[in-house]
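Heads up: the protein sequence lines correspond to chains A and B, in order.
Throughout, our numbering is defined as the position within the first sequence, counted from one, plus 96.
Throughout, our numbering is defined as the position within the second sequence, counted from one, plus 2.
Ideal placement from N, C-alpha and C gives every residue a C-beta, glycine not left out.
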Amino acid sequence: MDRPIPLTPYPATITKIVDETGDVKTFTVEFEDPQVMEEFGNKPGQVAQLSVFGEGESTISITSSPTRGKFLEFSVRRVGRLTNALHQLEVGSKIGVRGPYGNCFPYDLMKGKDLFFIGGGIALAPLRSLIDFVLSEQYRSDYGKVEILYGARSYDDLCFKSDLFERWPKIPNTKVYTTLDREEEGWKGHVGFVPPYVEEVSPAPENKFAIICGPPILIKLTLPIMEKLGFSDEQIITTLEMKMKCGIGKCGRCNIGSKYVCIDGPVFNLAQLKELPPEY
Amino acid sequence: MDTRVVNKGQLPELLDKLAQDYTLFAPVCEDETVTLFKQVSGAQEITLDYTNSDVSPKGCFFPQTEKTLTYTNTGDKLEINNVCEEEKTVVFGIRPCDIKSILALDPVFHGKFVDEYYTNKRENTTIIGLSCQKVASTCFCTAFNSGPCDGSGSDLMFTELGDKYFVEVNTEKGRVLVDAYSQFFGTQDTDQLAKAKAEHEKKLSGQFVRKVDLDGVKEVLDNNFELPYWEKVFEKCLGCGICTFVCPTCHCFDIFDLTNGLFTGERYRCWDSCMFPDFTLMAGGHNPRPTQKERVRNRFMHKLKYHMDRYNLDGCVGCGRCIAKCPVNIDITAIIKDLKEVGQNG
Numbered sequence: 097m098d099r100p101i102p103l104t105p106y107p108a109t110i111t112k113i114v115d116e117t118g119d120v121k122t123f124t125v126e127f128e129d130p131q132v133m134e135e136f137g138n139k140p141g142q143v144a145q146l147s148v149f150g151e152g153e154s155t156i157s158i159t160s161s162p163t164r165g166k167f168l169e170f171s172v173r174r175v176g177r178l179t180n181a182l183h184q185l186e187v188g189s190k191i192g193v194r195g196p197y198g199n200c201f202p203y204d205l206m207k208g209k210d211l212f213f214i215g216g217g218i219a220l221a222p223l224r225s226l227i228d229f230v231l232s233e234q235y236r237s238d239y240g241k242v243e244i245l246y247g248a249r250s251y252d253d254l255c256f257k258s259d260l261f262e263r264w265p266k267i268p269n270t271k272v273y274t275t276l277d278r279e280e281e282g283w284k285g286h287v288g289f290v291p292p293y294v295e296e297v298s299p300a301p302e303n304k305f306a307i308i309c310g311p312p313i314l315i316k317l318t319l320p321i322m323e324k325l326g327f328s329d330e331q332i333i334t335t336l337e338m339k340m341k342c343g344i345g346k347c348g349r350c351n352i353g354s355k356y357v358c359i360d361g362p363v364f365n366l367a368q369l370k371e372l373p374p375e376y
Numbered sequence: 003m004d005t006r007v008v009n010k011g012q013l014p015e016l017l018d019k020l021a022q023d024y025t026l027f028a029p030v031c032e033d034e035t036v037t038l039f040k041q042v043s044g045a046q047e048i049t050l051d052y053t054n055s056d057v058s059p060k061g062c063f064f065p066q067t068e069k070t071l072t073y074t075n076t077g078d079k080l081e082i083n084n085v086c087e088e089e090k091t092v093v094f095g096i097r098p099c100d101i102k103s104i105l106a107l108d109p110v111f112h113g114k115f116v117d118e119y120y121t122n123k124r125e126n127t128t129i130i131g132l133s134c135q136k137v138a139s140t141c142f143c144t145a146f147n148s149g150p151c152d153g154s155g156s157d158l159m160f161t162e163l164g165d166k167y168f169v170e171v172n173t174e175k176g177r178v179l180v181d182a183y184s185q186f187f188g189t190q191d192t193d194q195l196a197k198a199k200a201e202h203e204k205k206l207s208g209q210f211v212r213k214v215d216l217d218g219v220k221e222v223l224d225n226n227f228e229l230p231y232w233e234k235v236f237e238k239c240l241g242c243g244i245c246t247f248v249c250p251t252c253h254c255f256d257i258f259d260l261t262n263g264l265f266t267g268e269r270y271r272c273w274d275s276c277m278f279p280d281f282t283l284m285a286g287g288h289n290p291r292p293t294q295k296e297r298v299r300n301r302f303m304h305k306l307k308y309h310m311d312r313y314n315l316d317g318c319v320g321c322g323r324c325i326a327k328c329p330v331n332i333d334i335t336a337i338i339k340d341l342k343e344v345g346q347n348g
């Protein structure tokens with residue numbers, strides 16, 4: 097495989113598109129050269145750079161677990177120029193993919209532990225790579241109880257509905273909590289914001305990791321609750337989003353202090369985050 | 003050390019020969035006002051009448067705009083072609099501070115992901131440094147353990163002494179060049195010239211008007227991210243980005259596509275600036291450095307702390323360009339001095 101230059105993407109094809117919400121689509125992507133996938137080696141929590149040629153590139157977290165098959169999934173909210181261009185593409189369209197970049201969730205350290213995932217809106221996308229990894233047939237027995245608490249503004253804004261309501265709840269020792277911000281006709285589940293719901297469910301910290309991802313306000317309001325529940329800073333893990341261009345620690349824009357989120361992150365535990373200046 | 007001598011009168015001929023055999027970058031004066039490093043076809047285009055170039059020579063290795071790939075996307079078929087050239091290059095006339103800046107950029111473009119656009123140029127380039135003849139009022143390279151005749155990092159170091167250039171051969175690459183053009187490189191009087199260089203250096207070292215002492219400054223920054231001082235510094239910053247444009251160690255870049263038809267196009271990277279509001283602005287609207295205060299702080303923290311934390315190298319080389327070009331006189335040496343005081347007096 098002759099591709100030494102790290103800024104050059106591999107040609108890939110969109111093989112499936114799922115409309116998750118009004119503005120989120122999940123793209124399944126396969127490399128044109130199957131050998132690339134063999135050597136890609138993405139780990140849960142890593143990101144990739146997607147190219148829509150003529151529009152540019154953007155950093156998108158890899159939503160799929162490597163255990164799921166020889167493809168990559170990216171769940172993308174239509175929010176800017178590149179994501180808008182991506183949303184216009186159809187099955188069969190060609191894009192460029194380079195990566196994987198960044199560290200990954202500490203899935204080795206998590207072995208033997210219970211996992212409590214907390215997410216809101218599109219932020220379930222980066223967590224899903226780890227959720228599917230630990231819930232895979234191959235690795236399920238390595239981990240304890242897996243709980244997923246996820247919320248969105250409305251039913252239509254819930255991403256990964258088939259995972260939330262069909263696939264994940266069927267897996268042994270797994271529980272999914274969903275909540276909507278407001279009452280909605282036909283919704284019989286929980287209503288309320290994510291942070292108070294976490295307090296209500298009240299996960300015990302013993303032998304557990306909490307993995308949180310969401311808009312800054314969700315994280316800000318959830319952290320004090322986790323602390324009150326007795327979680328230590330090392331037990332709380334999150335993944336950050338920053339504007340990136342290169343993904344390889346050179347273009348200079350994703351720094352938090354002297355760390356680059358693209359290569360030193362995006363995954364940090366709370367103890368590591370507290371060491372960094374609050375500039376994210 | 004291996005040393006040589008080149009007669010001043012023969013320098014144009016040597017440079018003409020180098021321009022024939024290599025891609026030659028050298029200082030050029032454009033529009034009678036701006037000195038910058040450009041590819042030249044011969045000695046007549048080169049100026050040696052400059053204290054330091056207005057624009058740094060980092061572009062010889064990290065061009066202001068650089069094509070990284072071309073693509074053809076017909077819908078059914080996508081072809082991506084790398085553009086990464088390897089040309090035997092000589093850069094002539096780099097001042098010691100700028101040579102040091104290249105050494106500061108090296109670990110950025112190496113590391114886990116080797117950036118061949120930079121590293122290929124670096125490997126294929128012979129650096130001919132040129133000692134300073136004058137010290138500008140903005141110069142403060144001595145604060146970073148360098149000096150106006152410091153040849154560290156160069157392959158060959160030239161020092162103009164009367165009607166001769168004293169040449170220090172610092173690397174194997176330099177030796178290869180000297181051997182290939184041996185008719186220009188004499189060996190007579192080199193001991194005397196070495197002494198003359200030392201005297202020249204001593205004379206220049208007395209000409210620095212800026213006394214900059216970095217002792218304790220990084221420690222202040224290590225211990226204080228929030229300082230009321232930054233509220234003061236940023237206020238006059240216009241966010242024009244000239245400091246980052248002329249800075250020899252700034253390496254931030256943007257990546258963008260240009261389409262020249264329905265199916266084909268090119269991708270480029272070009273210098274970017276942490277002084278611009280949209281540098282860190284995400285599509286969703288969140289900006290981790292939302293005001294000029296955070297951006298100014300980030301730039302000085304990068305120069306005086308972050309680069310050191312990451313690469314154990316100074317992020318500033320004391321070239322003084324940002325001081326000379328800032329339209330509102332933001333002066334990094336004044337900031338260093340103020341930070342020292344903040345450290346001492348709180």
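Give the single residue among the options whose Cα lies nearest to the Cα of residue i.
| i | options | result |
| --- | --- | --- |
| Phe27/B | Val8/B, Asp33/B, Glu34/B and Leu50/B | Leu50/B |
| Thr179/A | Leu276/A, Val187/A and Ile156/A | Ile156/A |
| Asn147/B | Gly287/B, Gln194/B, Lys342/B and Gly317/B | Gly317/B |
| Val248/B | Lys114/B, Cys328/B, Thr53/B and Glu125/B | Cys328/B |
| Leu260/A | Gln331/A, Arg236/A and Glu116/A | Glu116/A |
| Gly118/A | Arg174/A, Gly348/A, Phe170/A and Leu103/A | Arg174/A |
| Phe255/B | Tyr120/B, Lys79/B and Ala336/B | Tyr120/B |
| Leu366/A | Glu151/A, Thr270/A, Asp329/A and Ile113/A | Asp329/A |
| Lys207/A | Pro196/A, Cys200/A and Arg236/A | Arg236/A |
| Ala300/A | Gln131/A, Gly216/A, Gln234/A and Gln331/A | Gln331/A |
| Ala129/A | Lys139/A, Lys166/A and Pro140/A | As written in the sequence, residue 129/A is Asp, which differs from the Ala given in the question. Ranking the options by Cα distance to Asp129/A, first place goes to Lys166/A. |
| Val36/B | Tyr308/B, Asp56/B, Leu17/B and Tyr270/B | Asp56/B |
Nearest chain A C-beta to residue i closer than 8 Å, yes or no?
| i | result |
| --- | --- |
| Glu296/B | yes |
| Arg110/B | Note that residue 110/B is Val in the sequence shown, not Arg. Cβ-Cβ to chain A under 8 Å: yes for Val110/B. |
| Cys318/B | no |
| Phe115/B | yes |
| Pro29/B | no |
| His202/B | no |
| Arg97/B | no |
| Ile256/B | According to the sequence displayed, residue 256/B carries Asp and not Ile. It does; some Cβ of chain A falls within 8 Å. |
Is the CB of residue i under 8 Å away from at least one CB in chain B?
| i | result |
| --- | --- |
| Phe123/A | no |
| Arg349/A | yes |
| Lys257/A | no |
| Cys342/A | yes |
| Ile313/A | no |
| Thr179/A | yes |
| Gly137/A | no |
| Lys346/A | yes |
| Glu153/A | yes |
| Pro196/A | no |
| Pro222/A | no |
Give the DSSP-derived three-state secondary structure of residue i in the structure shown.
| i | result |
| --- | --- |
| Pro196/A | strand |
| Leu168/A | strand |
| Trp283/A | coil |
| Phe213/A | strand |
| Met97/A | Note that Met97/A scores 41 on pLDDT, short of 50, meaning its location in the model is unreliable; the coordinates nonetheless yield the value given after this. In the structure shown, Met97/A sits in coil (DSSP, three-state: anything other than H, G, I, E or B). |
| Glu221/B | helix |
| Arg212/B | coil |
| Thr282/B | coil |
Mind pulling the chain A residues with CB within less than 9 Å of residue i?
| i | result |
| --- | --- |
| Met284/B | Val175, Gly176, Glu337, Met338 and Lys339 |
| Asp224/B | Those within 9 Å of Asp224/B in chain A number zero; the least Cβ separation is about 10 Å. |
Along chain B, in chain order, which residues have C-beta atoms closer than 8 Å to that of residue i?
| i | result |
| --- | --- |
| Gly150/A | Asn75, Asp259, Thr261 and Gly267 |
| Pro362/A | Those do not exist, as Pro362/A stays about 13 Å from chain B at its closest Cβ, beyond 8 Å. |
| Tyr376/A | Pro290 |
Name, please, each residue of chain B whose Cβ falls closer than 7 Å to the Cβ of residue i.
| i | result |
| --- | --- |
| Asp353/A | Strictly speaking, residue 353/A in this sequence is Gly, with Asp absent from that position. Here the neighbours are Tyr308. |
Would you mind telling me which residues of chain A sit closer than 7 Å to residue i, beta carbon to beta carbon, in chain order?
| i | result |
| --- | --- |
| Arg312/B | Ser354 |
Using a threshold of 7 Å, is the CB atom of residue i nearer than that to any non-hydrogen atom of the ligand MG?
| i | result |
| --- | --- |
| Val30/B | Looking for the ligand MG in the displayed structure turns up nothing, as the structure carries no ligands at all. |
Kindly list, in the order they appear in chain B, the residues whose Cβ is closer than 9 Å to that of residue i.
| i | result |
| --- | --- |
| Ile359/A | Gly113, Lys114 and Phe115 |
| Lys190/A | Asn75, Thr76, Gly77, Asp78, Lys79 and Leu80 |
Taking residue i as the query, report the chain A residues whose CB atoms sit under 8 Å from its CB, ordered along the chain.
| i | result |
| --- | --- |
| Thr70/B | Ile101, Leu103 and Thr104 |
Runs of beta strand (DSSP E) lying entirely within the stretch 80–152 of chain B, each at least 3 residues, in chain order = 80–84, 91–96 and 127–132
Beta strand (DSSP E) runs wholly inside the stretch 298–330 of chain B, at least 3 long, in chain order | none
Any chance you could list the alpha helix (DSSP H) runs of at least 4 consecutive residues sitting entirely within the stretch 204–269 of chain A, in chain order?
-> 220–230
Please go through the stretch 111–187 of chain A and give each complete beta strand (DSSP E) segment of 3 or more residues, from N-terminal end onward.
-> 120–127, 143–148, 152–157 and 168–173
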